[in-house]
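One structure is given below, encoded as structure tokens.
In our numbering, the protein residues as written are 63 to 320.
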């Protein structure tokens with residue numbers, strides 16, 4: 063399969079045009095947080111771009127759990143921040159019914175909406191690397207990896223996202239044909255800098271240092287690990303929201319490839 067790495071705007075246009083598979087990669091931390099939610103029993107995650115949309119969903123569905131961040135920290139009035147460590151029991155457990163989550167973040171939410179026209183869309187990172195590779199190996203057609211990068215400047219290199227894209231491409235093995243400079247660079251970066259050293263590399267990135275300074279060093283270390291989860295977030299549908307915007311409904315797809 064041909065694999066590409068493109069930023070959110072270009073990647074979103076490409077996957078809609080080709081109707082191929084998109085993989086959103088937000089390594090610190092949304093990909094890990096949402097994977098952790100599904101791994102620990104959440105039924106679905108509604109991704110919205112704006113905090114007002116999340117609060118509106120809470121008013122409509124009082125049992126929903128609000129998860130997300132702005133500037134790396136939990137939004138005031140939300141139940142949980144964008145942390146894979148809190149997106150698991152006992153915090154997320156509900157004995158009476160499956161949990162439904164509304165999620166919004168500084169950047170990953172925007173990327174999900176941009177790529178929602180893909181033939182199939184997953185969220186992936188190091189923590190689900192083998193599981194994602196297993197699902198992609200069963201699919202037909204090209205794959206576009208979309209590093210979430212920086213919302214304020216898509217041209218800025220966000221190293222952990224490219225390292226995670228490189229991990230995912232590497233996991234695909236000989237089946238993957240890096241078909242653009244972004245894919246070649248991501249794979250080379252991982253093999254040269256990241257193999258066996260992802261924890262160190264993630265911690266030393268701009269975002270890794272920023273999150274550590276905010277008190278989220280454990281999140282950074284967890285998000286750099288390989289193959290923690292076998293459940294991969296997958297786009298199920300796009301829904302219209304009451305304010306005229308859109309939301310992306312994600313479900314968990316379990317992969318036996320670990």
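Glycine residues also receive a C-beta, built at the ideal position from the N, C-alpha and C atoms.
Every value quoted in this text rests on a predicted model; they were computed, and no experiment measured them.
Residues near residue 308 in its chain [Cβ-Cβ closer than 8 Å; skip 5 each side]
Numbered from its first residue, the chain shown carries residue 308 at position 246. Cβ contact annotation for residue 308 (same chain, cutoff 8 Å, sequence separation greater than five): 175, 178, 300, 301, 302, in chain order.
Alpha carbons only, please: which of 103, 118, 233, 208 is nearest the one belonging to residue 184?
The residue given as residue 184 occupies position 122 in the chain shown. Relative to residue 184, the option among 103, 118, 233, 208 whose CA is nearest is 208.
Do residue 211 and residue 219 have their C-beta atoms within less than 9 Å of each other?
For the purposes of this step, residue 211 is identified with residue 149 of the chain shown, where counting begins at 1. For the purposes of this step, residue 219 is identified with residue 157 of the chain shown, where counting begins at 1. Their beta carbons are under 9 Å apart, which means residue 211 touches residue 219 by this criterion.
Roughly how far, in whole angstroms, is the beta-carbon of residue 116 from the beta-carbon of residue 128, given that I think they are within contact range, below 8 Å?
Translated into the one-based positions of the chain shown, residue 116 becomes position 54. Translated into the one-based positions of the chain shown, residue 128 becomes position 66. Right, the Cβ-Cβ distance comes to about 5 Å (below 8 Å), so this counts as a contact.
In its own chain, which residues sit with a C-beta less than 7 Å from the C-beta of residue 287, not counting the 5 before and 5 after it?
Here the question's residue 287 lines up with position 225 in the chain shown. These residues qualify, in order along the chain: 188, 189.
Straight-line gap, residue 142 to residue 119 (C-alpha atoms, nearest Å):
For the purposes of this step, residue 142 is taken as the residue at position 80 of the chain shown. For the purposes of this step, residue 119 is taken as the residue at position 57 of the chain shown. Going by the C-alpha atoms only, they are around 15 Å apart.
Excluding the five sequence neighbours on either side, which residues of its own chain have a C-beta within less than 7 Å of the C-beta of residue 151, listed in chain order?
Numbered from 1 along the chain shown, position 89 holds the residue referred to as residue 151. The beta carbon of residue 151 is closer than 7 Å to those of 102 in its chain, skipping five residues each way along the sequence.
Between the Cα of residue 180 and those of 82, 254, 314, spot the shortest distance and give me the residue it belongs to.
Locating residue 180 in the chain shown gives position 118, where the first residue counts as 1. Residue 180 has its Cα closest to that of 82, out of 82, 254, 314.
Quick one: Cα of residue 231 to Cα of residue 255, how far?
Working through the chain shown from its first residue, we reach residue 231 at position 169. Working through the chain shown from its first residue, we reach residue 255 at position 193. Each residue's Cα considered, the two are about 15 Å apart.
On a CA-only basis, which of 193, 266, 70 is nearest residue 296? Give me that one, please.
Within the chain shown, residue 296 is the residue found at index 234, counting from 1. Distance check between residue 296 and each of 193, 266, 70 places 193 closest, using alpha-carbon atoms only.
Could you tell me whether the stretch 239 to 247 touches the stretch 66 to 82, using the rule of 3 or more Cβ pairs below 8 Å?
As far as the Cβ criterion goes, the stretch 239 to 247 touches the stretch 66 to 82, which means the pair count is three or higher.
What number of angstroms, rounded off, separates the C-alpha of residue 234 from the C-alpha of residue 247?
The residue you call residue 234 lines up with position 172 of the chain shown. The residue you call residue 247 lines up with position 185 of the chain shown. Going by the C-alpha atoms only, they are around 16 Å apart.
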